[in-house]
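For the sequence shown, the positions run 44 to 393 when my numbering is used. Below you'll find the structure, written out as C-alpha cells, and then a few comments.
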Amino acid sequence: MARNAELAELAESIFADSHDKDAAGFDAAAWKACAGSGLTTLTAPDTGGTLDDAAVLLEAAGAWAARIPLAETDLLAGWLARAAGVTVPDGPLAAVVTGPAPGGSGPGGTAGGTLTSTGDTVSGTLTRVPWGRSLAAVVVLDGDRVLVLETSAAAVTEGVNLAEEPRDTLTLTGVTPLASGAAPSGAAEELALRAALARSLLLAGAARGALARAIGYAGERQQFGRPIGRFQAVQQMLAEAGSEVGAASAASAAAARTAQNAGFADPATGFAVAAAKARCGEAATAVARIAHQVHGAIGFTREHDLRLVTTRLWAWRDEDGDESYWTDRVGTAALAAGPDGLWPLVTGRP
Numbered sequence: 044m045a046r047n048a049e050l051a052e053l054a055e056s057i058f059a060d061s062h063d064k065d066a067a068g069f070d071a072a073a074w075k076a077c078a079g080s081g082l083t084t085l086t087a088p089d090t091g092g093t094l095d096d097a098a099v100l101l102e103a104a105g106a107w108a109a110r111i112p113l114a115e116t117d118l119l120a121g122w123l124a125r126a127a128g129v130t131v132p133d134g135p136l137a138a139v140v141t142g143p144a145p146g147g148s149g150p151g152g153t154a155g156g157t158l159t160s161t162g163d164t165v166s167g168t169l170t171r172v173p174w175g176r177s178l179a180a181v182v183v184l185d186g187d188r189v190l191v192l193e194t195s196a197a198a199v200t201e202g203v204n205l206a207e208e209p210r211d212t213l214t215l216t217g218v219t220p221l222a223s224g225a226a227p228s229g230a231a232e233e234l235a236l237r238a239a240l241a242r243s244l245l246l247a248g249a250a251r252g253a254l255a256r257a258i259g260y261a262g263e264r265q266q267f268g269r270p271i272g273r274f275q276a277v278q279q280m281l282a283e284a285g286s287e288v289g290a291a292s293a294a295s296a297a298a299a300r301t302a303q304n305a306g307f308a309d310p311a312t313g314f315a316v317a318a319a320k321a322r323c324g325e326a327a328t329a330v331a332r333i334a335h336q337v338h339g340a341i342g343f344t345r346e347h348d349l350r351l352v353t354t355r356l357w358a359w360r361d362e363d364g365d366e367s368y369w370t371d372r373v374g375t376a377a378l379a380a381g382p383d384g385l386w387p388l389v390t391g392r393p
C-alpha cells in the first residue's frame, strides 16, 4: 500500500505539472518525466512493477488526460515484444494485431491492418494506430510472428478519435523489420484483454477527473446567493456520479488484481476484465452526462478543461470493445462456468 501511495503521488505530480488544457498532441515533457522515473516500462520483469502498480498509474493518467501512450508502450507493445523475445527501441510504442480477430470477431475501435511479405521486407497498412505519428516503433502481431517496425519508415496519414488523440494510418512499402520473433500462444486474446484492462483503468481515472471538476465547479458557481453545490438536486447528481466512479474504480482495480494473481489465460481474468470494461463504459456515460449538467453550457466550450476528460470518456468507452461486446463476453463466461462454477467465477472464492 505504501508503494502504491508513493507511486500515485509521483504520477499525480508529473501529470499535474504537465497538464495544459490548451495543448494538443504528444506531451514530450510528461513522457520524459515518466521515462526518467521508470514509469514507461513499469511492468517489465526487471523493474519489479505489477499490474496493481499499473492500475495506479493509468488511473492518474486518465484523471489528468495525459497525452502519452503509457498503456500502449508498457502493457501492450512492451509485453508483446518481451513475450516474443524481440528488442524494441527506446521511446513510445504501440501494438497492432493484423488480420481477423480471434474467434472471427473481436472488440471494435482497435488498431488493425494487413501486411504482406516479400523476401525480408513487409508492405501493408496499419490503421487506427494510437499516437502513430509520435512512436519510435510499432510491434505487430502478424499471425504466428511478431514484427518490430520503425515508424519513421512509414507514410503517416493522421487521424484522431473523439478526444483528438492520434489514431493514425501507417502505410509501409518494402520495410525491413527491426526485429522479428515467434508469437506466443494465445497472444491475440491476451492483447485484447490487456487493452480492455488498460482502457478500463483509464476510464476509471477520467471519470474521477470529471467528478473532481464537477465538484470543484459546484463549489464555486454562485446562484441565488449561494454555491450551486449546496442545492439538494445538485448534491444528488454528484452523489450519483460518485457512486459510478467508485464502481468503475473498484471493477477495474479488481480486474488488474485478478490478472496479476491468476494470469491472463485464466478464465477468471477474462471474466473480470470483461466485467470491468463493460462497467467502466456504463460509468463513462453517466459521469460525463452529470458533469456537463452541473457545469451547464460552459462545460461544452473548447476552452473549458472539462472537455478533456469527457471526450475521453466517450471515446474510450467504445475503444477496445464497447459495453455490448464485453457484456456479451460476461454472459458467455457465465454460461461456460455452469451452475457450479458461476459463484466462484464471480466472487473468486470456491
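Cβ atoms here follow ideal geometry from the backbone N, Cα and C, with glycine treated the same way. Model, not experiment: these values are computed from the prediction.
Annotation for G224: the continuous beta strand (DSSP E) segment containing it runs A222 to A225. Sequence-distant Cβ neighbours of G272 in its own chain, meaning closer than 6 Å and more than five residues away, are A261 and G262.
Going by beta carbons, E346 and K64 fall inside the 9 Å limit.
Taking the Cα of T312 as reference, the smallest distance to any Cα among D133, A297 and A290 is reached at A297. The Cβ-Cβ distance between L245 and V189 does not fall below 9 Å.
Contact check for R300 and A327: beta-carbon distance about 21 Å, past the 8 Å limit, so the pair fails to qualify.
Take L85, set aside five residues on each side of it, and the residues of its chain with a beta-carbon closer than 7 Å to its own are G92, D96, A97, L100 and D117, in chain order.
Taking 9 Å as the cut-off, the Cβ atoms of T153 and G217 do not count as close. Looking at the DSSP output, A329 bridges to nothing.
Annotation for V389: no residue places its beta carbon closer than 7 Å to its own, counting only its chain and skipping 5 residues before and after. When the beta-carbon positions are compared, Q303 and L94 come within less than 9 Å of each other. The three-state secondary structure of D185, taken from DSSP, is strand. Around the beta-carbon of R171, 16 or more other beta-carbon atoms lie within 10 Å, marking it buried. Counted as a single uninterrupted DSSP element, the stretch harbouring L388 is not any beta strand (DSSP E) but the alpha helix (DSSP H) occupying residues E366 to T390. For L101, there is no enclosing beta strand (DSSP E); the residue is found in the alpha helix (DSSP H) stretching over L94 to A106.
When only Cα atoms are considered, T214 and A197 end up about 5 Å apart. Take A87, set aside five residues on each side of it, and the residues of its chain with a beta-carbon closer than 8 Å to its own are D117, G121 and R125, in chain order.
The three-state secondary structure of S166, taken from DSSP, is strand. In the structure shown, the three-state DSSP call for L205 is coil. Relative to E233, the option among D211, G155, G156 and V140 whose CA is nearest is V140. Setting aside the 5 residues that flank it on each side, R176 is surrounded in the same chain by V199, E201, P209 and D211, each with a C-beta closer than 7 Å to its C-beta; the list follows chain order. Per the Cβ contact rule, the stretch 54-64 is in contact with the stretch 102-118 (3 or more Cβ pairs under 8 Å). Looking at G384, A206, D363 and V129, the one whose alpha-carbon comes closest to that of P220 is V129.
In the DSSP secondary-structure assignment, S243 is not bridged to any residue. Taken through DSSP and simplified to helix, strand or coil, L178 comes out as coil.
Sorting G134, H62 and A284 by C-alpha distance to the C-alpha of G79 places G134 at the top. Residue environment analysis places R251 among the buried positions, since at least 16 neighbouring C-beta atoms fall within 10 angstroms of its C-beta. The secondary-structure analysis by DSSP pairs T86 with nothing; it has no beta-bridge partner.
At a Cβ-Cβ threshold of 9 Å, K320 and L385 do not count as neighbours. Distance between G186 and T194, taken at the CA atoms: about 20 Å. In the structure shown, S160 adopts extended strand secondary structure according to DSSP, grouped into three states. F267 has its alpha-carbon roughly 49 Å from the corresponding atom of R237.
In this structure, R332 is the residue among L169, A376, R332 and F314 with its C-alpha nearest to the C-alpha of L281. Taking C-alpha positions only, P132 is separated from D371 by approximately 38 Å.
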